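As given, the protein sequences belong to chains A and B, one line each in that order.
The first sequence maps to residues 69 to 293 in the numbering used here.
The second sequence maps to residues 69 to 293 in the numbering used here.
Even glycine gets a Cβ: it sits at the ideal position worked out from N, Cα and C.
It should be emphasised that the depicted structure is a prediction, and the values quoted were computed from it without experimental measurement.
What follows is a short report on a single structure.
2 protein chains.
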Amino acid sequence: MKEQIGELFSLIGDQVRSNILWTLLDGKAYTASELAFNADTSPQNISMHLNKLLQADLVQVERQGRHRYYRYSKPEVAYAVEAVVNLVPQKNNKAISGSHDDPIRHCRTCYDHLAGKVGVLITDSLIKKEFIVPVDNTFDVTFQGERFFLDLGIKINELKNKKRAFARPCLDWSERKHHLAGALGAALLNRMLEQDWIRKKQNTRAILITSKGQHLMYHYFKISV
Amino acid sequence: MKEQIGELFSLIGDQVRSNILWTLLDGKAYTASELAFNADTSPQNISMHLNKLLQADLVQVERQGRHRYYRYSKPEVAYAVEAVVNLVPQKNNKAISGSHDDPIRHCRTCYDHLAGKVGVLITDSLIKKEFIVPVDNTFDVTFQGERFFLDLGIKINELKNKKRAFARPCLDWSERKHHLAGALGAALLNRMLEQDWIRKKQNTRAILITSKGQHLMYHYFKISV
DNA sequence: GTTATATTTAAATCTGTAGTGAAATGTAAT
DNA sequence: ATTACATTTCACTACAGATTTAAATATAAC
């Protein structure tokens, strides 16, 4: 008994593995690469860690082609992770406790694209202006959309040549609505970073919006953030 | 944030520290030596680990003379520990889930003496027969008691010469009643082990009662276990 | 005052396991 | 078929951090 508890605790007590568990807390299934990206480590390493979590039945996999989607194996894991996260020293707790205007819920990265309230607002705006239209489980870019994105410095043709999904909706756990993912979502995030609309904060998925970014977001998307 | 979570997870993710946390789950305060005994490691090592837990505010100390009593600093720690313990693989779960007849609640060691239902029954029996009588926060052994223990092979005089507390009550977390601790409690446990009344199970505080032990416990204490 | 017990501190050592590099496997796109 | 991407497997290395050795401090017992 004592021994098994020790094993379990050391299992979750690793920087990378705790990062995986913390990332999965949003309930979504992530691929190994995404988890590697988030934890800022190599795919081999993530693979090793995921294996350990699999063997302990803390996570489960679902194979889809060459992707493997990982998620919690059971809700108890989420409860445990939350209970432990709840122990982090006082003053930083608000980022977790769930107030609706904390940075991580307002604007963050989701793998390689924008998420959170801002991510959802931008996506809504693009749909409303008919720059993108939902088709099946993807987005198509309209003719006006193509011009709009070109104006932002994003060439749609080039993106479509990439192997990865061009534009797809991604469910936002804090907003419970979809935001723009795929190559287009990634390109948009990159462009915003390049042009200093937004800046990445150290050690968090939260994103800071510059005043330049605020102005331009209003100009392009008619949103106030 | 991510960084702090990683730190916290690795803090609890150590064999010895998880053992400490698991031991403290009964809500009692333990001394450093007791925790070292439980975790089967050296006092220096326990001291180091306790320091780390202290700094992270997972436990708190209370000094009493040359003893230092450690306990959880807040109930949230217990919740987290329980939530994690709840994740240990299936078939062994019943030892934790709390059914009232599981081995760990029935008969176990508490540091160096007997606890659990059996520990409490034996103590009750000794009091009822007036072999021991509660005085302040200790037990006195009566004249008949002295003869009784001698019959069992325990020499009261020798025990009284030891530096440690001779006989004291210890609150049982599973039974919510006191059981016999101190030098006398330890001597009783030892004697029972020597004479094969009981056997220690590997990797658990649970204790197995032999059929010889069952007969003798009825003979000496009039209890059926 | 001396000895035993409880605990901590500091420095030295050892070790489990995370991480890396190289290569294999298995899908998907063209 | 060939190239690209996603992921795993294996063997090797490195190092953080656990443990040990040794000594200090502090309280209690005699």
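Is residue i helix, strand or coil when you go by DSSP?
| i | result |
| --- | --- |
| residue 291 of chain B | coil |
| residue 124 of chain A | coil |
| residue 222 of chain A | coil |
| residue 198 of chain B | coil |
| residue 230 of chain A | coil |
| residue 134 of chain A | coil |
| residue 192 of chain B | helix |
| residue 210 of chain A | coil |
| residue 145 of chain A | helix |
| residue 97 of chain A | coil |
| residue 160 of chain B | For residue 160 of chain B, the predicted model reports a pLDDT of 42, less than 50, meaning its position is unreliable; a value from the coordinates is still stated below. Looking at residue 160 of chain B - three-state DSSP - the assignment turns out to be helix. |
| residue 261 of chain B | helix |
| residue 182 of chain B | strand |
Looking only at its own chain, which residues have a Cβ that is under 8 Å from the Cβ of residue i, when we skip the five neighbours before and after it?
| i | result |
| --- | --- |
| residue 189 of chain B | 289, 291, 293 |
| residue 222 of chain B | 252, 255, 256, 259 |
| residue 109 of chain A | 84 |
| residue 162 of chain B | Because residue 162 of chain B carries a pLDDT of 42, less than 50, the predicted location of this residue cannot be relied on, and no value is offered for it. |
| residue 198 of chain B | 210, 212, 213 |
| residue 136 of chain A | 99, 100, 129, 130 |
Residues in its own chain within less than 6 Å of residue i by CB, not counting five upstream and five downstream?
| i | result |
| --- | --- |
| residue 200 of chain A | 194, 207, 209, 213 |
| residue 124 of chain A | 79 |
| residue 237 of chain A | 246 |
| residue 180 of chain B | 254 |
DSSP beta-bridge partners for residue i?
| i | result |
| --- | --- |
| residue 237 of chain B | B/248 |
| residue 109 of chain A | According to DSSP, which records beta bridges pairwise, residue 109 of chain A is partnered with nothing at all. |
| residue 274 of chain A | A/176 |
| residue 140 of chain B | B/127 |
| residue 267 of chain B | B/276 |
Could you pull out every residue in the same chain whose Cβ sits closer than 7 Å to the Cβ of residue i, ignoring the five residues on either side in sequence?
| i | result |
| --- | --- |
| residue 224 of chain B | 209, 214, 217 |
| residue 141 of chain B | 125, 126, 127, 128 |
| residue 87 of chain B | 106, 107 |
| residue 280 of chain B | 264, 265 |
Determine whether the Cβ of residue i lies closer than 8 Å to any Cβ atom of chain B.
| i | result |
| --- | --- |
| residue 196 of chain A | no |
| residue 83 of chain A | yes |
| residue 128 of chain A | no |
| residue 180 of chain A | no |
| residue 125 of chain A | yes |
| residue 145 of chain A | yes |
| residue 265 of chain A | no |
Using the beta-carbon of each residue, which ones in chain B are nearer than 7 Å to residue i?
| i | result |
| --- | --- |
| residue 122 of chain A | Correct list: empty, because the minimum Cβ distance to chain B is about 13 Å. |
Compare the C-beta of residue i against all C-beta atoms of chain A and say whether one is closer than 8 Å.
| i | result |
| --- | --- |
| residue 78 of chain B | yes |
| residue 155 of chain B | yes |
| residue 165 of chain B | Annotation note: pLDDT 42 at residue 165 of chain B (below 50); position unreliable, coordinate value reported separately. Answer no: the Cβ-Cβ gap between residue 165 of chain B and chain A never drops below 8 Å. |
| residue 102 of chain B | no |
| residue 113 of chain B | no |
In chain A, which residues lie with their C-beta within 8 Å of the C-beta of residue i?
| i | result |
| --- | --- |
| residue 148 of chain B | 148, 151, 152, 154, 155 |
| residue 87 of chain B | 70, 73, 74 |
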